[in-house]
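Residue numbers (the working numbering), protein chains in the order written: chain H, 4 to 309; chain R, 656 to 751.
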């Protein structure tokens with residue numbers, strides 16, 4: 004193996020070779036070489052997902068209000084669209100659709116801003132806090148996700164998420180403290196944008212209630228939003244980082260198995276790859292994980308039973 | 656005399672509105688409003704929601720205060736209750 008160039012390595016070579024004998028820089032070079040195969044590959048699926056998801060969510064409102072669709076039939080669809088709303092925005096937060104200066108930059112920004120509308124969160128707010136999460140993953144003081152998504156058991160986690168929904172909760176304060184600590188132009192815009200989103204969301208809820216549609220708004224938006232909050236935080240934040248959160252590039256995230264595989268976990272069984280190489284598109288992280296597995300095992304990454 | 660176009664007038668007015676929103680007074684107003692958001696949520700959403708649920712579940716839309724003399728809408732009871740619940744949530748730090 005020492006006599007071959009890194010570019011000639013096949014998957015078979017990787018699985019057969021003892022990568023633990025490689026130096027740190029050789030492993031890093033190999034890791035980057037494999038990851039590079041997946042970075043910059045934009046699929047129609049990842050573009051269609053947010054567009055269709057938002058279209059379905061928006062269409063539920065006139066369908067239910069006109070009586071065309073029963074509210075109880077619309078409810079599971081609303082919950083599903085809220086659950087699926089975050090991840091395309093997450094890819095946009097990492098400039099996966101297009102970096103500044105790219106021709107597809109407009110697509111990145113459009114998906115980033117529009118995709119999270121069902122979950123009433125602003126793109127800038129999500130982006131600024133999420134980048135801090137990547138920089139300080141599992142740091143109790145600096146990771147804004149830590150207070151909300153911590154817990155050494157599922158029960159503790161559920162309790163923390165429930166508490167985060169209360170007025171002036173530790174979780175909400177952590178996000179605001181993160182943005183205040185950053186004190187950049189973008190952080191201030193993030194606060195402004197999120198305030199605007201909250202005001203608009205509440206304005207819509209109040210307007211619906213004033214017109215005798217409070218229950219519709221409650222079942223079509225408020226409840227699905229809470230369901231999405233629990234679901235996304237469980238799979239995107241708690242399972243990959245907790246219990247027993249550690250810090251360090253190859254320690255702060257671990258793999259896990261999910262009851263319906265990648266589908267039910269929204270691709271998060273391969274979240275460890277996302278933390279190592281955030282610019283790999285979500286739909287390609289499972290494939291990247293399979294290719295990177297020998298390298299990750301050599302690094303001592305906890306891959307669970309993956 | 657220099658004529659100011661309609662477009663320029665619009666931009667001048669818009670800039671003045673933006674300055675107003677950036678003012679410390681406006682920021683204070685916004686902060687105060689947001690700090691009482693649970694109260695507004697209770698008043699303008701939870702209250703009407705509870706009234707709608709009562710109406711749909713039990714068919715009650717009016718409540719008798721003094722028999723055969725006065726009736727009030729269920730909303731008149733649930734809206735203040737919702738607002739009070741929101742206030743309690745701020746005070747206790749929890750909705751439930």
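No residue lacks a Cβ here, since even glycine has one placed at the ideal position from N, Cα and C. Being a predicted model, the structure only gives us computed values, none of them experimental.
According to DSSP, residue pairing for residue 717 of chain R in a beta bridge involves R/728. No Cβ of chain R is located within less than 8 Å of the beta carbon of residue 70 of chain H. For residue 87 of chain H, the enclosing alpha helix (DSSP H) begins and ends at 74-96.
The three-state secondary structure of residue 42 of chain H, taken from DSSP, is coil. The beta carbon of residue 699 of chain R sits closer than 8 Å to some beta carbon of chain H. In this structure the segment 156-170 of chain H does not touch the segment 103-117 of chain H; the number of beta carbon pairs closer than 8 Å is below three. The C-beta separation of residue 74 of chain H from residue 207 of chain H comes to about 17 Å, leaving the pair out of contact by the 8 Å criterion. In the DSSP annotation of this structure, the continuous segment of the alpha helix (DSSP H) that includes residue 688 of chain R starts and ends at 679-690. Straight across, the Cα-Cα distance linking residue 84 of chain H with residue 251 of chain H is about 34 Å.
Taking CB atoms only, residue 683 of chain R has no neighbour in chain H less than 8 Å away.
Spanning the alpha carbons of residue 181 of chain H and residue 193 of chain H requires a straight line of approximately 11 Å. Counting only the Cα atoms, residue 152 of chain H lies some 8 Å from residue 237 of chain H.
Interface with chain H (8 Å Cβ-Cβ cutoff): residue 713 of chain R is excluded. With a threshold of 16 other beta carbon atoms within 10 Å, residue 109 of chain H falls short and is exposed. Nearest in C-alpha terms to residue 275 of chain H, of all of H/220, H/239, H/57, H/166, is H/239.
Per DSSP, residue 204 of chain H is one residue of the alpha helix (DSSP H) stretching across 188-213. Between residue 200 of chain H and residue 87 of chain H, the C-beta spacing is not below 8 Å. Cβ contact annotation for residue 107 of chain H (same chain, cutoff 8 Å, sequence separation greater than five): 45, 100, 101, in chain order.
Contact check for residue 288 of chain H against residue 264 of chain H fails: the beta carbons are separated by 8 Å or more.
With respect to chain H, the C-beta atom of residue 736 of chain R has no partner C-beta closer than 8 Å.
Distance from the CA atom of residue 679 of chain R to the CA atom of residue 686 of chain R, rounded to whole angstroms, is 10 Å. Boundaries of the alpha helix (DSSP H) around residue 163 of chain H: 157-167.
Cβ-Cβ distances below 6 Å link residue 227 of chain H to 81, 82, 85 in the same chain, with the five nearest sequence neighbours on each side left out; the list follows chain order. Membership of residue 128 of chain H in the alpha helix (DSSP H) is indicated by the continuous run 126-138. Think of a sphere of 8 Å around the beta carbon of residue 708 of chain R: the chain H residues whose beta carbon falls inside it are 218, in chain order.
Judged by their CB atoms, residue 684 of chain R and residue 742 of chain R are not nearer to each other than the 8 Å cut-off. Taking a Cβ-Cβ cut-off of 7 Å, residue 112 of chain H has no neighbours in chain R, whose nearest Cβ is about 22 Å from it.
For residue 111 of chain H, the enclosing alpha helix (DSSP H) has its first and last residue at 108-117. As the crow flies, the alpha-carbon of residue 177 of chain H is around 21 Å from that of residue 688 of chain R. At a Cβ-Cβ threshold of 8 Å, residue 127 of chain H and residue 196 of chain H count as neighbours. Against residue 745 of chain R, the close residues of chain H are 170, 171, in the order they occur along the chain (beta-carbon pairs closer than 8 Å). Distances from the alpha-carbon of residue 175 of chain H to those of H/198, H/212, H/155, H/47 put H/198 closest.
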